[in-house]
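The structure appears right after this line, and notes come after that.
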Amino acid sequence: MAQDQLRFEDIRRAQERISPFLHETPLEKSLYLSNDSQNVYLKLECQQPIRAFKIRGALNRILLLSEEERKEGVAAVSSGNHGIAVAYVTKLLGMKPATVIVPENTPQSKIEKIRYYGAEVLLMGSCFDEADALGMQYIREKGFRFIDGWDEDAAIYAGQGTVGLEILKQNPQIDTILAPVGGGGLCTGIAVAAKNINPKVRVIPLYSEACRAWPDSVRERKLYHEYPSEDSICEAMVGGIGKLAFEMRDWIDDALEVREEMIRRAMLHAVMQEKIVAEAAGAVPIAAMLQYGKHIPGKNIALVITGGNADNRILAEEFGKYHRS
């Protein structure tokens, strides 16, 4: 049943639907991460208009709403980037401003962007799982049209999966794709897209040591819709995983754990060597290459740099360490 909910054809149609509004993000070779046996490429979703891949899913879902549904007003629960995406899309399409619920630990830079695009921001709960529970109750009470950014909306997953279509179009030799896993929509969508083009492509989800929701769900074959996580600089990668991602977990290859300290190093590497800005979750694939190197399988590896809405405080801390060293 789950496979019928997200089909390759849905991703292809999503690409047709959203392409008039978005540009194809670059897939650039990294001189610093490549070596004598591996070519490493950066898929720069940090160069989307909102500096995050989440615009793909939000745009696909909202474009599928009827005129009457759009008039009802939309709302989202988000750790940041999905909220930015929903706010941006509603403004782009001339809809009334969205309502976005975020946890209290959301970086101020992301809250400012949500507000910049006209949405109302409500802070609820100390973490994403709390914000999700409180936010859903609020959305039901107000009667908003809910834009589900991570759980079980196949239209969102299809939009995210267009990243995989682009990667294989830009370089058909790609044999491994690394992407951070939070709710699981991105990795699931990429896997369905890429493996329908080339079944031998590996799609490896990367999780922070602060949150084992994905590997524990896969190993125990139990959906951890909520998950007690440790403190992490990757606010988008803590909490539970999505129902649809769990049901489609067999599409995705074995996961790798990435250390928090390595993620910090990767954010600095992104700016200093690659000349890009990557937020913490966006830097996770770079961190995986720094941590595992040639132990990552594959000859032509694509790293999905999912976002560039970096927390200014974290960047300042890492630059401070760099200048003191």
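Note that the numbering used here gives residue 1130 to position 305 of the sequence shown, counting from 1, and the numbers run on in steps of one. Idealized CB from N, CA, C, for every residue including glycine.
- DSSP lists R1027 and I1126 as the bridge partner or partners of T1001.
- With fewer than three CB-CB distances shorter than 8 Å, the segment 942-959 does not count as touching the segment 1031-1044.
- Shown here for M920: same chain residues with a beta carbon closer than 6 Å to its own, the five before and five after excluded, namely R895 in chain order.
- Only residues of its own chain outside the window of five on either side were considered, and among them A883, L884 and I887 have a CB closer than 6 Å to the CB of V914, listed in chain order.
- Beta-bridge analysis with DSSP links T850 to no other residue.
- Shown here, F953 sits in a helix according to DSSP, grouped into three states.
- Sixteen is the threshold: when 16 or more other Cβ atoms of the shown chains lie within 10 Å of the Cβ of S904, as they do, the residue is buried.
- 8 Å or more divides the Cβ of N1134 from the Cβ of E1085.
- Residue nearest to V1129 within the set M1087, A1106, I964 and I1022 is A1106 (criterion: CA-CA distance).
- E1142 and A1108 have their alpha carbons spaced roughly 16 Å apart.
- Taking a contact as a CB-CB distance under 8 Å, the pair A1112 and A1127 does not count as one, their CB atoms being some 15 Å apart.
- If you compare the alpha carbons of E955, I909 and L918 with that of Q933, the shortest gap goes to I909.
- In terms of CA proximity to L1048, G1009 leads the group M1062, Y1032, V1026 and G1009.
- Taking the Cα of T850 as reference, the smallest distance to any Cα among F878, Q863 and F833 is reached at F878.
- For Y982, no beta strand (DSSP E) segment is defined; the enclosing uninterrupted segment is the alpha helix (DSSP H) at A979 to Q995.
- With a 10 Å radius around the Cβ and a threshold of 16 neighbouring Cβ atoms, R965 comes out exposed.
- With a contact defined as Cβ atoms closer than 8 Å, G989 and R881 miss out at about 11 Å.
- In this structure, G986 lies near I836, with their beta-carbon atoms less than 8 Å apart.
- Between V1028 and D1078, the gap from beta carbon to beta carbon is short of 8 Å.
- For L1093, the uninterrupted alpha helix (DSSP H) segment begins and ends at E1085 to H1094.
- Burial of L1003 is indicated by the presence of at least 16 other C-beta atoms within 10 angstroms of its C-beta.
- The beta-carbon separation of I1088 and S1042, rounded to 21 Å, does not stay under the 8 Å limit for a contact.
- Excluding sequence positions up to five before and after I1022, its CB lies within less than 6 Å of the CB of L993, all in the same chain and listed in chain order.
- Just so you know, the alpha carbons of A900 and G968 end up roughly 9 Å apart.
- Residue pairing by DSSP places S903 in no beta bridge whatsoever.
- In the structure shown, the three-state DSSP call for R832 is coil.
- Annotation for T931: no beta strand (DSSP E) segment contains it, and DSSP assigns it neither H nor E.
- In terms of Cα proximity to S1054, the closest of P874, E892 and G1007 is G1007.
- When rounded, the separation of the alpha-carbon atoms in P922 and R940 is 10 Å.
- Around A1016, the same chain offers V1028, W1076 and I1077 as residues with beta carbons nearer than 6 Å, after the five sequence neighbours per side are excluded.
- A residue is called buried once 16 or more other Cβ atoms fall within 10 Å of its Cβ, and N860, having fewer, is exposed.
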